[in-house]
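Contents: one structure, followed by commentary.
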Amino acid sequence: REGRSLEEYLSSINKSEEELREELRPLATKRVTRSLVLGKIAEEEKIEVSDTEIEADIEGMVRSATENKDELNKFLNTPQSRESIKRLLISRKTVQRLVEVARGSTMNIKTKKEKK
Numbered sequence: 001r002e003g004r005s006l007e008e009y010l011s012s013i014n015k016s017e018e019e020l021r022e023e024l025r026p027l028a029t030k031r032v033t034r035s036l037v038l039g040k041i042a043e044e045e046k047i048e049v050s051d052t053e054i055e056a057d058i059e060g061m062v063r064s065a066t067e068n069k070d071e072l073n074k075f076l077n078t079p080q081s082r083e084s085i086k087r088l089l090i091s092r093k094t095v096q097r098l099v100e101v102a103r104g105s106t107m108n109i110k111t112k113k114e115k116k
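Residues in the sequence shown are numbered consecutively from 1, following full-length UniProt numbering.
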């Protein structure tokens, strides 16, 4: 929370740091697992994102910003931000691919037997 220390936040919710950690652990575990699974699927399906796709996403975010567009553009074009956007776009494409598979449009999917 902005402007508050961890101690102040813990006090306001009547929890210890350990209690908060235990409460957040299942969600953190779920997020890490989801990320690892999507990463493996993206790797297996050879899902990639081009620089053009990253730039288009950045342009869309800057265009929809209401103020500080130049600062936002500069921030989003840092190597760290571009890498983060790339991971996000790969995740989106991977989820879209899973939806296609679930709907039965399984073009380009090979079974383990076919890969061998």
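We put the CB at the ideal spot given by N, CA and C, even for glycine.
Closest in alpha carbon position to M61, among N73, G39 and T52, is N73.
V101 carries a helical assignment under DSSP once its states are collapsed to helix, strand and coil. Between the segment 64-79 and the segment 1-19, the count of C-beta pairs closer than 8 Å stays below three; the two stretches do not touch. Counting of Cβ neighbours within 10 angstroms places T29 among the exposed residues, the total staying below 16. Cβ-Cβ distances below 6 Å link I58 to L76 in the same chain, with the five nearest sequence neighbours on each side left out; the list follows chain order. Linking P26 to A56 through their CA atoms gives a straight-line distance of about 35 Å.
Around the beta carbon of L36, fewer than 16 other beta carbons sit within 10 angstroms, so the residue counts as exposed. A Cβ-Cβ separation of about 5 Å places I90 in contact with V49 under the 8 Å criterion.
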